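What follows is a set of notes on a single structure, which appears directly below.
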Amino acid sequence: TVTRGDDTHRILFDAGISPNGVVENMRRLDMSPKDIEAMVISHGHFDHTVGLDGLSVSLGGSAKMPVMIHPEFWSRRRIAIPGRSPSELPSTSKSALIGAGFEVIEERQPSFLLDSSILVTGEVDRTTEFETGFPVHEAFHDEGGWQPDPLILDDQALVMNVRDKGLVVLTGCGHAGIVNIVRYAKKLTGVENVYAVLGGYHLNGPIFEPIIQATTQALAAYEPQYIVPAHCTGFRAVHALAAAMPDA
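The C-terminal residue of the sequence shown carries number 1104 in this note's numbering, and the numbering is unbroken.
So, in structure tokens, the structure goes:
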């Protein structure tokens, strides 16, 4: 919920992995899905999209709610770990999403929502040396079949500039790299002060744990007032971040 002057807007960022989870969570918060003015989906992985099912049911299938996505949101993907059989990830059907009453808006570039109250990053610039993506991630192409897709280019974040505070950056998984995302937010807005960084930092597991130290140092240099590492950040990264920024 974002308030600007006398205007208040509500946006939903991602829908979660369970069909009815986001609707039930809203009910417990005394909020109605009908209060949502727009949605942004961080990327196409199913653990951020399945809740659209329950949302469409609760809205009655005729809400025409705008849903902001990157064009590569629809890609077929799989995890291909060497020595194991590849595991394809469930993907979202474009016809089903439109048929459920959502107004799909595909955009690679940054875009503002709700009277410029919220910035959607679109495709994030990759500028750090250490955030190189997900090496076992692949995408299917009509020409060429399964191909490496480490960058997951549809990964996008939300940015708000809170008066007298600074930037609030909200991520889904942070596949673009949490430092890349914060850098890009600063570049797009021209705002130097980073107030809060919330969401997934994607530092879990043996592939990403080697970059925990570099990520922690880079984030600490921004001196955020609050860090909320969630979702796929991982136990070791959370503790490293807490040790480096105990007051945040």
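C-beta: ideal position from N, C-alpha, C; glycine also. Just so you know, these numbers come straight off a predicted model, no measurement behind them.
So what does residue i bridge to, in DSSP terms?
{"i": "residue 1082", "result": "1052"}
{"i": "residue 1026", "result": "1014 and 1054"}
{"i": "residue 961", "result": "924"}
Helix, strand or coil for residue i, going by three-state DSSP, please let me know.
{"i": "residue 1015", "result": "strand"}
{"i": "residue 883", "result": "helix"}
{"i": "residue 1094", "result": "helix"}
{"i": "residue 1072", "result": "helix"}
{"i": "residue 951", "result": "helix"}
{"i": "residue 863", "result": "strand"}
{"i": "residue 875", "result": "coil"}
{"i": "residue 1065", "result": "helix"}
{"i": "residue 976", "result": "strand"}
{"i": "residue 997", "result": "strand"}
{"i": "residue 934", "result": "strand"}
Taking the C-alpha atoms as reference points, what is the distance between residue i and residue j?
{"i": "residue 943", "j": "residue 874", "result": "20 Å"}
{"i": "residue 1100", "j": "residue 1016", "result": "25 Å"}
{"i": "residue 1030", "j": "residue 1096", "result": "17 Å"}
{"i": "residue 989", "j": "residue 893", "result": "32 Å"}
{"i": "residue 996", "j": "residue 861", "result": "46 Å"}
{"i": "residue 1010", "j": "residue 933", "result": "12 Å"}
{"i": "residue 1063", "j": "residue 863", "result": "44 Å"}
{"i": "residue 897", "j": "residue 871", "result": "8 Å"}
Does the beta-carbon of residue i have 16 or more other beta-carbons within 10 angstroms, so that it is buried, or is it exposed?
{"i": "residue 940", "result": "exposed"}
{"i": "residue 1098", "result": "exposed"}
{"i": "residue 1012", "result": "buried"}
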